[in-house]
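Here the numbering used here is used: position 214 in the sequence shown is 214, and no number is missing along the way. Following: one structure in structure tokens, then a few remarks.
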Amino acid sequence: MYAMVVPSDFKKHVAGWILGKNFAENLMKKWKDSEFSKLAAEVPGFQDDLQYFGDCFDELIKPFLTTKRLKKSELFQNITFVHGDFHVANICITDDNTAILYDWQCYGYGHGATELSHLMSLGVPFDAEKDRKLLQAYYSELTGDFGKGVLVNPEDYPYSIFEREIMLRFLSYATIFSTMLSFTSPAVLESMSAKMDRALEWDVALINMFKRVFHILRDPERDNRTYILTGK
């Protein structure tokens, strides 16, 4: 099952330090000449946006990385049935376009926003318009048949809360994987991809994940930093 919080020692001793001053510059130096770095170079302003994400950590991400904070929040209070490890390496599409899901040992009840953000963060190419449609389609399925075996009541769980949860999960994943990049090496990342038969290309997945985070933080149409924290 998805862990809904990050341990306090991670928050205090790892993430806060890793995402500090010059973290983006240091990270990109470490990954110089790697496939990740080559892909990042194709994204305009990648390093500047990566540092901006790090600068937002204390205000936007850190407050949600404790159980106490989540219990007081309106976010992450609704549950539904979830796969528990929902990503592209656990999905097979047959010749007749039927989706088959594998690896069900983590199934149970959890948060739909976490399930979907897990999938999108680990394998779905970033496209702002397609992301928007995917979120709306998932939310419709999540709440559309309330009272007919569906647990999520749309009156108690408006789309705005679902969307904020998705955004916050993307930011949380970016925090975790920024830390992973700071402590691992290109060789390890390539090994991880090879062991999964390239079903999940980690370098590509990470670039798409960061693109989503940058879009959230730099969205010209809405102040998402305030929206995540307040819903306004």
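The beta carbon of each residue, even a glycine, is placed where N, CA and C say it ideally should be. Just so we're clear, the structure is a prediction, and the values are computed from it rather than from any experiment.
{"query": "N- and C-terminal bounds of the beta strand (DSSP E) containing Tyr107", "result": "That residue, Tyr107, is in no beta strand (DSSP E); it is neither H nor E in DSSP."}
{"query": "Cβ pair count under 8 Å reaching 3, the segment 180 to 187 against the segment 17 to 36", "result": "yes"}
{"query": "Best match in Gly231, Phe214, Glu221 for proximity to Asp55 [C-alpha to C-alpha]", "result": "Phe214"}
{"query": "Own chain residues within Cβ distance below 8 Å of Ile91, not counting five before or after", "result": "Ala99, Ile100, Leu101, Tyr102"}
{"query": "Three or more C-beta pairs below 8 Å linking the segment 116 to 134 and the segment 201 to 208", "result": "yes"}
{"query": "Chain-order list of residues whose beta-carbon lies under 7 Å from that of Met167 (same chain, five-residue window excluded)", "result": "Ile216, Asn224, Ile228"}
{"query": "Inter-stretch contact at 8 Å, needing at least 3 Cβ pairs: the segment 152 to 160 / the segment 73 to 89", "result": "yes"}
{"query": "Cα-Cα separation between Thr88 and Asp96, rounded to whole angstroms", "result": "Note that residue 88 corresponds to Val in the displayed sequence, not to Thr. Using only the alpha carbons, I get a separation of about 18 Å."}
{"query": "Own chain residues within Cβ distance below 7 Å of Ile93, not counting five before or after", "result": "Ala99"}
{"query": "Short Cβ contact (8 Å threshold) for His118 with Phe170", "result": "no"}
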